[in-house]
Amino acid sequence: MKNCEYQQIDPRALSVSPMSAQNRAEMKAQRSRRKWEVFPGKNRFFCDGRIIVARQSGVLPLTLGLIVVTCGLFFAFDCPFLVEHLTVFIPVIGGVLFLFAVISLLRTSFTDPGILPRATPEEAADIEKQIDTSGSSTYRPPPRTKEILINQQVVKLKYCFTCKMFRPPRTSHCSLCDNCVERFDHHCPWVGNCVGKRNYRFFYSFIISLSFLTSFIFGCVVTHITLRSQEGKSLIQAIQESPASVVELVICFFSIWSILGLSGFHTYLVASNLTTNEDIKGSWSSKRCTEESGNPYSYNNIITNCCVTLCGPMPPSLIDRRGFVPLVEASPAASATEIELPPFLAKNDSNMCTRSTKDVLARMVHAFDSRGLCPPGTPKTTPVGVEVSSSPSAGCPLFSRSSRKRDSLHSSNPAFRLASPSPSLSRNTMILGEGPDVGFIPIP
Amino acid sequence: LRPPAVSSKVFVQRDYGSGTISKFQTKFPSELESRLDKQQFDETIQTLNNLYAEAEKLGGKSYLEGCLACLTAYTIFLCMETHYEKVLKKISRYIKDQNEKIYAPRGLLLTDPIERGLRVVEITIYEDRSIGSGR
Numbered sequence: 016m017k018n019c020e021y022q023q024i025d026p027r028a029l030s031v032s033p034m035s036a037q038n039r040a041e042m043k044a045q046r047s048r049r050k051w052e053v054f055p056g057k058n059r060f061f062c063d064g065r066i067i068v069a070r071q072s073g074v075l076p077l078t079l080g081l082i083v084v085t086c087g088l089f090f091a092f093d094c095p096f097l098v099e100h101l102t103v104f105i106p107v108i109g110g111v112l113f114l115f116a117v118i119s120l121l122r123t124s125f126t127d128p129g130i131l132p133r134a135t136p137e138e139a140a141d142i143e144k145q146i147d148t149s150g151s152s153t154y155r156p157p158p159r160t161k162e163i164l165i166n167q168q169v170v171k172l173k174y175c176f177t178c179k180m181f182r183p184p185r186t187s188h189c190s191l192c193d194n195c196v197e198r199f200d201h202h203c204p205w206v207g208n209c210v211g212k213r214n215y216r217f218f219y220s221f222i223i224s225l226s227f228l229t230s231f232i233f234g235c236v237v238t239h240i241t242l243r244s245q246e247g248k249s250l251i252q253a254i255q256e257s258p259a260s261v262v263e264l265v266i267c268f269f270s271i272w273s274i275l276g277l278s279g280f281h282t283y284l285v286a287s288n289l290t291t292n293e294d295i296k297g298s299w300s301s302k303r304c305t306e307e308s309g310n311p312y313s314y315n316n317i318i319t320n321c322c323v324t325l326c327g328p329m330p331p332s333l334i335d336r337r338g339f340v341p342l343v344e345a346s347p348a349a350s351a352t353e354i355e356l357p358p359f360l361a362k363n364d365s366n367m368c369t370r371s372t373k374d375v376l377a378r379m380v381h382a383f384d385s386r387g388l389c390p391p392g393t394p395k396t397t398p399v400g401v402e403v404s405s406s407p408s409a410g411c412p413l414f415s416r417s418s419r420k421r422d423s424l425h426s427s428n429p430a431f432r433l434a435s436p437s438p439s440l441s442r443n444t445m446i447l448g449e450g451p452d453v454g455f456i457p458i459p
Numbered sequence: 052l053r054p055p056a057v058s059s060k061v062f063v064q065r066d067y068g069s070g071t072i073s074k075f076q077t078k079f080p081s082e083l084e085s086r087l088d089k090q091q092f093d094e095t096i097q098t099l100n101n102l103y104a105e106a107e108k109l110g111g112k113s114y115l116e117g118c119l120a121c122l123t124a125y126t127i128f129l130c131m132e133t134h135y136e137k138v139l140k141k142i143s144r145y146i147k148d149q150n151e152k153i154y155a156p157r158g159l160l161l162t163d164p165i166e167r168g169l170r171v172v173e174i175t176i177y178e179d180r181s182i183g184s185g186r
């Protein structure tokens with residue numbers, strides 16, 4: 016296996032080489048592609064980039080199926096009886112809640128959660144250059160963290176090796192989607208997408224409306240069976256007359272505990288302007304015995320926090336899925352496709368190496384039950400290609416099991432091939448804790 | 052006529068001192084010293100910061116928009132342009148204007164931060180081929 020080293024951005028490669036007229040003509044003849052077609056993360060796009068989902072849809076079909084089936088049974092079997100005996104508003108309320116829940120669910124699943132586009136090669140080079148304080152022109156890999164002051168509190172910003180930038184505060188890299196997501200809450204398998212800045216409000220309204228829906232259906236079904244059994248029949252007889260009600264009861268009973276619990280938990284998070292990620296890691300827990308929670312983002316007012324999180328301005332999607340990839344550009348990204356520059360070729364080789372390293376590591380991680388054994392922080396920082404250390408390094412990467420790369424889509428833009436496995440801060444790996452930075456060994 | 056070659060790019064990073072709001076550092080990059088006045092640079096960045104603050108402002112109008120959206124199960128976003136998007140259009144007009152008036156005559160080009168994921172303000176420095184002032 017080849018030696019995987021951290022590949023510094025070669026500043027010479029960034030200067031533009033003049034394109035021949037023939038190349039320019041060839042480029043113009045190419046079909047202009049939309050940016051979603053060359054998107055480096057693990058996402059899938061539909062409707063020409065309008066809809067974005069995570070690569071693994073998780074159990075979204077199951078979630079949808081459960082909701083639709085339960086409500087279908089409710090409308091078909093319980094509503095006729097209840098309309099007759101109680102009021103016609105029961106199916107109306109049920110219908111409204113059902114629509115609200117399904118629309119919120121679909122919005123959560125199909126909305127860009129706040130993905131940060133990866134840094135361009137020039138940006139990445141610039142960051143590397145800034146780190147070297149001695150002012151010499153040598154380029155070294157950036158340190159893993161940078162400390163800044165936010166509202167008089169020290170906050171550490173981490174460097175993302177995949178996206179080649181220092182992550183903004185509250186941003187986290189989701190290994191399942193291979194993207195940095197702003198205000199990362201968690202990756203929800205039920206919804207099949209990350210929950211972040213842009214879709215948290217949809218997620219919250221989904222779980223709230225689902226809580227109301229399940230409680231409502233549960234209450235109505237109980238009323239239905241009670242009313243039936245009161246008409247001189249026994250409970251067993253009542254159940255036999257309406258077996259679908261039992262199915263609904265079982266589904267609702269088991270869902271209510273988890274959904275109400277989740278709603279309560281997220282209501283607490285919204286009121287204190289926290290994310291699930293921060294809460295689980297205990298970023299702002301009462302390590303200091305002050306009255307304030309220590310959360311620099313909180314407005315220390317429940318109503319303000321709620322308004323900000325749920326009713327604040329809707330930020331735009333930063334990845335511009337439907338924009339066109341610029342064909343004629345004075346940057347190495349476009350020119351390198353036509354003119355083969357040796358540094359880029361070398362990078363491609365190392366990235367092939369990285370990819371195969373990643374696959375091997377993924378298999379090893381899978382075999383050893385990922386929680387216990389952590390591969391080194393990034394293979395690119397250690398001289399030996401594949402090595403599994405027993406000490407957990409900070410931000411242990413959790414390689415996705417389905418790490419199929421869309422090679423055809425990556426081939427046109429080597430800028431995106433500068434990706435390397437990054438320290439993951441998805442929910443699973445948070446349990447491993449944030450140890451000191453051991454995984455980083457600069458190449459002399 | 053060959054287009055001017057890019058000599059280098061300068062990146063103005065984000066300033067997170069006040070939290071996660073979009074704000075850029077006003078530190079004057081040394082590479083621009085020969086081309087641009089510090090004051091002009093400051094003014095550009097400050098105006099951009101103010102525009103982003105306007106986009107992300109929390110107040111009655113944005114809450115109203117949020118509540119209305121919630122009541123319509125967020126379907127209203129499919130047909131209505133949000134306040135943020137309107138301000139973004141304003142920002143790109145401002146940047147175009149600044150480029151035409153101030154930056155292009157000095158051989159510089161401002162890139163709209165939205166094209167870089169609101170991470171940086173990228174200023175491209177073109178090589179100065181004329182003997183006098185910039186193109």
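Line by line, the protein sequences are chains A and B.
Positions in the first sequence are counted from 1; adding 15 to them yields this note's numbering.
Positions in the second sequence are counted from 1; adding 51 to them yields this note's numbering.
Think of the CB as a built atom: it goes at the ideal place given N, C-alpha and C, for glycine as much as any other residue.
Sorted by chain position, which residues of the same chain lie with C-beta nearer than 8 Å to residue i's C-beta, five sequence neighbours on each side aside?
i, result
"A/A134", "I142, C178, K179 and M180"
"A/Y314", "N288, N320 and V323"
"B/I96", "V63, F75, Q76, T77 and V172"
"A/V170", "E162, I163, L164, P184 and P311"
"A/S244", "L250, Q252 and A253"
"A/E138", "K179 and M180"
Would residue i pass as an interface residue toward chain B - the criterion being a Cβ-Cβ separation below 8 Å?
i, result
"A/F359", "Confidence at A/F359 is low in this model, with a pLDDT of 40, below 50, so its placement is unreliable and the value that follows should be read with caution. A/F359 does not count as touching chain B."
"A/L284", "no"
"A/A139", "no"
"A/P204", "no"
"A/L164", "yes"
"A/P55", "no"
"A/L131", "yes"
In this structure, does DSSP put residue i in helix, strand or coil?
i, result
"B/V57", "strand"
"B/R157", "helix"
"B/E173", "strand"
"B/F79", "coil"
"B/E178", "coil"
"A/V206", "coil"
"A/L75", "helix"
"B/I127", "helix"
"A/Y174", "strand"
"A/A195", "In the sequence as presented, Ala is not what sits at residue 195 of chain A; that position holds Cys. Here A/C195 sits in strand by DSSP."
"A/L164", "strand"
"B/C118", "helix"
With a cut-off of 8 Å, does the C-beta of residue i fall near any C-beta of chain A?
i, result
"B/T77", "no"
"B/E178", "no"
"B/G168", "yes"
"B/V63", "no"
"B/F128", "yes"
"B/V171", "yes"
"B/S81", "no"
"B/A106", "yes"
"B/G68", "yes"
"B/G185", "Annotation note: pLDDT 44 at B/G185 (below 50); position unreliable, no value reported."
"B/E136", "yes"
"B/G111", "no"
"B/Y114", "yes"
"B/Y125", "yes"
Between residue i and the rest of its own chain, which residues show a CB-CB distance below 7 Å, the 5 nearest in sequence each way excluded?
i, result
"A/D294", "L284"
"A/F115", "S224"
"A/N166", "P311"
One question on the structure: do residue i and residue j come within less than 8 Å of each other, judged by their Cβ atoms?
i, j, result
"A/C192", "A/C209", "yes"
"A/F92", "A/A253", "no"
"A/R122", "B/Y125", "yes"
"A/V196", "A/L120", "no"
"A/I222", "A/E263", "no"
"A/V124", "A/V68", "The identity of residue 124 of chain A in the sequence shown is Ser, whereas the question assumes Val. Against a cut-off of 8 Å, the Cβ pair of A/V68 and A/S124 comes out as a contact."
"A/N194", "A/G56", "yes"
"A/S187", "A/N292", "yes"
Closer than 6 Å by C-beta to residue i: which residues in its own chain qualify, once you throw out the five before and the five after it? Chain order, please.
i, result
"A/L275", "S226"
"B/F79", "K89 and F92"
"A/G73", "P204 and G207"
Is the stretch 98–110 of chain A in contact with the stretch 227–240 of chain A, if contact means three or more CB pairs nearer than 8 Å?
-> yes
Does the stretch 103–117 of chain B come close enough to the stretch 326–334 of chain A to have 3 or more Cβ pairs within less than 8 Å?
-> yes
Taking contact to mean at least 3 C-beta pairs separated by less than 8 Å, is the stretch 138–148 of chain B in contact with the stretch 158–166 of chain B?
-> yes
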